[in-house]
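Chains as they are written, first to last, in this note's numbering: chain A, -16 to 286; chain B, 53 to 357.
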């Protein structure tokens, strides 16, 4: 709501407002929107869109082990932001810090600031239940409740007091997760009878049933087969029109396919601490990264 | 041969037949002895159960008729009559004990597994306390209830018996509930956390339903254990008459104490009633145990998906 432009053509729109412009080198540029010249470096930008997350010097520690070094990054509205990097580079820690899912881990400590629409996620006055109400999360392994498909999606709205038009809400969420057609005739069947990919889409439906602002996806397709993965990726492109999406993945092709912006995290070889190396438009990260570590990683030369 | 082995740097001959060599033969014998001993120990334990059961059935079967279950004991001891009032009394006492103990115990378990962190000192102290509580001799609990309830009220009562049994049940139910709550996958808790639903609602709507089968199982096992407890009832609720009563706050007949009284009787004619009552009690407890185990197996399957 901070920017007035409707997202008719978000692919073009987003390019114009983001910092650090570069000429596209990989994919052919999409056809320009009517009345708009193809953008090249140096064209004046439109008003920068306000970031959903403004993360300043965030660091994370488990007990005495520092997992994530000071990270400053902004995450923008209605974009898919991918977080990539090798195992142990702190990408899960990073994404779980955005809706305080790490709070329940003993010894977890956060440094710096995580501002969400200008509000500090970790402020004393901030309630973490309210945070998660607006910032939903989908996990690596599908984790539906041992209840029916309908009850899975209706569960959170019921418990949050959104009981009006529940059927409609459930249908909308299932349609949003591209699952409605497959399950509309068996809504009362146990969610555990679904396939892994369907379960994961059900978890996405469950998350969007409460209409969050942001969806955090922590390696949502890593436990799925390629077909199910493709359906989840298609879904990302649909969902970003309504939600701001952050997705952790260790599959670089996946990041290249779904993400508008990509952040590359790496493990500092001396300190053994996760570090943000580079953050830019996805095509820049994959075709013309500024940092040699990024280049080594995305070209597969990384050990 | 050995020369070949030496030349390859091995301390044994790799081309020798694969039968046991060296001290392996001796180790195999020791291993076999240990195995046989362990199996024998297991059989002795089960044999004891079988003997007890067989004995009770043999002696009690003759007393067991329909009339035995629907008649009260004779007014002044002796032959005939049944144990209806005892069965009803035990049922009420144990049920009320469960009503008192189970909610408290489940809340304790929820505190330990859901609210206290894994390293919480309070939870650890509580766990130790519950384990010690399980070890308190039941006669001691009976005496405690004697001072707490029986003496101030100047009479035995089913209520006092229920309180004593509830004290016995709390640690059993709390520990078993805690174990099944631990079986509820962390991912389900994360799922409800990530949906912005507060902790208590998550517990009420996700964790407890998932663990319900196990909680009921633990409760039934505790009830079965409490139903057979004699010592606390001897102190708290033993001065009852033979008649059927529903007055929980008065002395209530109950099966364990009746067995004791009948078997202690000067008149041998009362013995068959003791055996019959023992058989009924044993049957009820075995049934409860088997039912609870079936239920538990089912709930585990459900959790596993």
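A virtual CB, placed ideally from N, CA and C, is assigned to each residue, including glycine.
| Query | Result |
| --- | --- |
| Proximity to residue 226 of chain A [Cα-Cα], best of A:199, A:234 and A:244 | A:199 |
| Buried or exposed by the 16-neighbour rule on C-beta atoms within 10 Å, applied to residue 284 of chain A | exposed |
| Spatial neighbours of residue 218 of chain B in its chain, beta-carbon cut-off 6 angstroms, leaving aside the 5 residues before and after | 149, 152 and 153 |
| Assigned secondary structure, residue 104 of chain A (DSSP; H/G/I helix, E/B strand, else coil) | coil |
| Reference residue 105 of chain A; option with closest CA among A:124, A:122 and A:85 | A:85 |
| contact_flag[the segment 295 to 307 of chain B, the segment 93 to 102 of chain B] where n(CB pairs < 8 angstroms) is 3 or more | no |
| Under 9 angstroms from the C-beta of residue 84 of chain A: neighbouring residues of chain B | 242, 245 and 246 |
| Closer than 7 angstroms to chain A by CB, residue 265 of chain B | no |
| Candidates B:204, B:79, B:234 and B:272: closest to residue 169 of chain B by CA position | B:234 |
| Alpha-carbon to alpha-carbon, residue 211 of chain B and residue 195 of chain B | 14 angstroms |
| Cβ of residue 128 of chain A within 7 angstroms of any chain B Cβ | yes |
| Terminal residues of the beta strand (DSSP E) in which residue 55 of chain A lies | 48 to 59 |
| Chain-order list of residues whose beta-carbon lies under 8 angstroms from that of residue 202 of chain B (same chain, five-residue window excluded) | 208, 209, 212, 287 and 288 |
| Unbroken beta strand (DSSP E) run spanning residue 42 of chain A, endpoints | 34 to 45 |
| Residue 66 of chain B versus residue 342 of chain B: straight-line alpha-carbon distance, rounded | 54 angstroms |
| Counted within 10 angstroms of its Cβ, other Cβ atoms place residue 148 of chain A as buried (16 or more) or exposed | exposed |
| Identity of the residues DSSP links to residue 92 of chain A by a beta bridge | A:44 |
| Reduced DSSP category for residue 293 of chain B - H, G, I as helix; E, B as strand; rest coil | coil |
| Span separating the alpha-carbon of residue 223 of chain A from that of residue 232 of chain B | 40 angstroms |
| Cα-Cα separation between residue 295 of chain B and residue 344 of chain B, rounded to whole angstroms | 32 angstroms |
| Residues within the segment 181 to 206 of chain A neighbouring chain B, beta-carbon criterion of under 9 angstroms | 186, 189, 190, 192, 193, 195 and 199 |
| At least three beta-carbon pairs within less than 8 angstroms, the segment 109 to 126 of chain B to the segment 250 to 264 of chain B | no |
| Three-state class that DSSP yields for residue 438 of chain B in the structure shown | In the structure as shown, chain B begins at 53 and stops at 357. Residue 438 of chain B is therefore absent and cannot be evaluated. |
| Interface residues of chain A facing residue 169 of chain B [CB-CB closer than 9 angstroms] | 87 and 89 |
| Reference residue 157 of chain B; option with closest CA among B:63, B:223, B:184 and B:280 | B:223 |
| Helix, strand or coil at residue 99 of chain A [DSSP, three-state] | strand |
| Validate contact between the segment 176 to 187 of chain B and the segment 236 to 247 of chain B using beta carbons, cut 8 angstroms, 3 pairs | no |
| Contacting residues, own chain, Cβ-Cβ under 6 angstroms from residue 122 of chain A (five flanking each side not counted) | 201 |
| Residues of the segment 105 to 116 of chain A with Cβ closer than 8 angstroms to any Cβ of chain B, in chain order | 112, 113, 114, 115 and 116 |
| 7 angstroms Cβ cutoff, residue 232 of chain B in contact with chain A | no |
| Interface partners of residue 250 of chain B on chain A, CB under 7 angstroms | 112 |
| Chain B residues whose Cβ lies nearer than 9 angstroms to that of residue 120 of chain A | 242, 243, 245, 246 and 247 |
| Within 7 angstroms, strictly: CB atoms of residue 232 of chain A and residue 268 of chain A | no |
| Residue 227 of chain A - DSSP class collapsed to helix/strand/coil | strand |
| Cβ contact (3+ pairs, closer than 8 angstroms) linking the segment 48 to 62 of chain A and the segment 234 to 250 of chain A | yes |
| Helix, strand or coil at residue 211 of chain B according to DSSP, with G and I counted as helix | helix |
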